[in-house]
Every structure is written in C-alpha cells, then in structure tokens.
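*Asks:* Handing you this structure, nothing more for now.
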Amino acid sequence: MLRNISISVVIPTCDRGALLQRSLDCVLTQSVAATEIILVDNGREDACTQGLDPRVRVLRTAPRIGPGRARNVGAQAATSELVAFLDDDDLWQADYLERVLERFQASAADAVLARLLRQAEGAVAQPYKLLPNDAEAQRQVFWCNPGFGGQNLTIRRDVFLAFAGFDESMPASEDRDLAARLLLAGKRLVAEPQAVAILCDHQGGRARHSLLRGNWAFFRKHWRNMRPIELYRALKVLIKRRLLLALGR
434 MLRNISISVV IPTCDRGALL QRSLDCVLTQ SVAATEIILV DNGREDACTQ GLDPRVRVLR
494 TAPRIGPGRA RNVGAQAATS ELVAFLDDDD LWQADYLERV LERFQASAAD AVLARLLRQA
554 EGAVAQPYKL LPNDAEAQRQ VFWCNPGFGG QNLTIRRDVF LAFAGFDESM PASEDRDLAA
614 RLLLAGKRLV AEPQAVAILC DHQGGRARHS LLRGNWAFFR KHWRNMRPIE LYRALKVLIK
674 RRLLLALGR
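Sequential numbering from 434 applies to the sequence shown in this note's numbering.
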C-alpha cells in the first residue's frame, strides 16, 4: 500500500497542440492520480492550451525559452515532494506514477528513472533504454545517455532545486548534464523497470543539429570529470555523430 507521497507532474510544451493532448491524456488517466499537473507553455499559439482539463494548471512564459528552462519553471512552481517530468510529445503507460511511487517508498532514491521504449511514427514501441542501477555503470553518461531523460525522470524536488535544476544555457543534453552532476555528488539514481515511458521519435535535421551542439556543450563542461577511457569514448562518439550528420544520416 502506498503511503501518502505527493507528486507533481511537469510538462513543458511549445506549439504542439495535438501531441500535447495525447500526453496529457496519459497523465490524467494514471492508476494513481498526480497531486498536481503543471503545464509550462512557452509557445506562441495560445490555442494549444485552451479548453484543457481543469485539473491542469497552466503557466505561460515568454516564447521559446527552451525545455530546460521550462522544466525549471514548473519545478519551482510545484508544491509536491516529488516532481515527475514528461515531454509534450511522449507518453507514459497507465501505471507509471504508481510504479514510480512504489520505488521511492521502497528505496532511498534521490531520483527514479523509468524504463524507456522508443516508438517511430506508425510503428510499435520497442525496448530502448533502462538506466543501470550500479553507480559505476551509470558513468556511461559521460559518453552517451544510458536512460536519463525529460520523459522518464522523477526526482525529489528539494534535490532538484539544490542542484539548480537543468542547465538553461545548454541547447540539448541538459538531461545528461543533470545526471552527471547528481552522480558526481553521490546522489542515488534508481531504475524502475516496471514504470514505462515511451519516447515518440520524430526528430528532424534541426533537432539533430541541436543535439550535436548539446553534446559538445556537455563535453566542454564535463571533460575534466572524465577518466581517460571515458574521455576517449566521448570524443569518439562526438566525431562519429558529426560525420553522420555531415553525411545526412
């Protein structure tokens, strides 16, 4: 039986009306209801957040402030012990919050990371990533993302705020950056394989360019924290991604 742990859901959105409604529906129909649902609207189209369920609290910001800053705004406004993040184009399975809350109740986790599936448009979702529970294995974050994202992260709000949340200066990879900072500080990141988030993949060329810039920003920020083998792997991944992007792949 779950004890009374409060949990706020934070969803940043930017001009994605149809996709947003799908994401909101999966939150509103959870087997265990969220304490509050906060939608941070940083788009230009007001119609995207009109006529929403009254259980959804809408915060409007300046346009295009970016997902990291939008998540920070939502977490700062939240009133719960835990904050669960979901992107406006991704989904949770119906018992997601229930499984996450069970994991917090059963462990001393600072953050819980759900299992990730990946779904291409028109396809069936496939297994994608699950963060390893071993802190040493979690150091993969220095050259790749082992399963820490804006759609599968639930974190203690006091911990999130103590680390100043997501780095708003990064064009992408702000999730990896937060994971690295938490890991280096000895915070406990725990995977919950029974909680499932679905990453809906529809990235275009612009998104891939942004991701590459974010990867370089991450490297510049964290290379001093990397062991020699981690430094080698990180550079190898960066060079490979740059070449693939140049080839249009």
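Glycine residues also receive a C-beta, built at the ideal position from the N, C-alpha and C atoms.
On a predicted model such as this, the values are computed, not experimentally measured, just so you know.
#1: Compare the Cα-Cα distances from V533 to each of L611, A466, A667 and report the closest residue.
#2: Would you grab the beta carbon distance between T446 and L472 for me? Rounded to a whole angstrom, and I think it's under 8 Å.
#3: Going by alpha carbons, who is nearest to I631 out of R660, F596, F518, R674?
#4: What number of angstroms, rounded off, separates the C-alpha of R477 from the C-alpha of R497?
#5: Pick helix, strand or coil for K669, following the three-state DSSP scheme.
#6: Starting from L530 and walking both ways along the alpha helix (DSSP H), at which residues does that stretch end?
#7: From L664, W576, Y529, pick the residue whose C-alpha is nearest to that of S456; which is it?
#8: How about the stretch 547 to 554 and the stretch 647 to 667: do they share at least three Cβ pairs that are nearer than 8 Å?
#9: Can you give me the start and stop residues for the beta strand (DSSP E) that R548 sits inside?
#10: Taking the beta carbon of W525 as the centre, do at least 16 other beta carbons fall within 10 Å, making it buried, or is it exposed?
#11: Can you check DSSP and say which residues form a bridge with A517?
#12: Can you tell which of R490, Q559, P500, I470 has its C-alpha closest to the C-alpha of D634?
#13: Can you round the beta-carbon distance between V574 and A612 to whole angstroms, since I take them to be within the 8 Å contact cut?
#14: Three-state secondary structure (DSSP) at I631?
#15: Would you give the residue range spanned by the beta strand (DSSP E) that P560 belongs to?
#16: How is the beta strand (DSSP E) around L384 delimited, first residue to last?
#17: How about G647 and P604: are their beta carbons less than 7 Å apart?
#18: Answer with yes or no whether the minimum CB distance from T462 to chain C is below 7 Å.
#19: Hey, would you say the C-beta of L611 is under 6 Å away from at least one heavy atom of the ligand GTP?
#20: Could you give the distance in angstroms between the alpha-carbon of V506 and the alpha-carbon of W576?
#21: Considering only DSSP beta bridges, list what I471 is partnered with.
#22: Per DSSP, which residues does L524 bridge with? Please list them.
*Replies:* Taking the geometry as given:
#1: Residue A466 is the option with its Cα nearest to V533.
#2: Confirmed, Cβ separation roughly 6 Å.
#3: Out of R660, F596, F518, R674, the CA that lies nearest to the CA of I631 is found in F518.
#4: R477 and R497 have their C-alpha atoms spaced approximately 8 Å apart.
#5: DSSP places K669 in the helix class (H, G or I) of the three-state scheme.
#6: Looking at the DSSP string, the run of the alpha helix (DSSP H) that includes L530 is 529 to 539.
#7: For S456, the closest of L664, W576, Y529 by C-alpha to C-alpha distance is Y529.
#8: Because the criterion of three Cβ pairs below 8 Å is not met, the stretch 547 to 554 and the stretch 647 to 667 do not touch.
#9: For R548, the enclosing beta strand (DSSP E) covers residues 544 to 553.
#10: Buried.
#11: V442, T587.
#12: Looking at the Cα atoms, Q559 is the closest of the given residues.
#13: With 8 Å as the limit, V574 and A612 qualify as a contact, their Cβ atoms being about 5 Å apart.
#14: Reduced to three states, the DSSP call for I631 is strand.
#15: 559 to 562 is the extent of the beta strand (DSSP E) around P560.
#16: Residue 384 cannot be examined here, being either before or after the span of the chain that is shown, 434 to 682.
#17: Yes; because the gap between Cβ atoms is below 7 Å, this pair is in contact.
#18: Here there is only one protein chain, and chain C is not present.
#19: With respect to the ligand GTP, the structure offers nothing, as it holds no ligand at all.
#20: Roughly 28 Å separates the two Cα atoms.
#21: DSSP lists V443, R490 as partners of I471.
#22: The bridge partners DSSP lists for L524 are I631.
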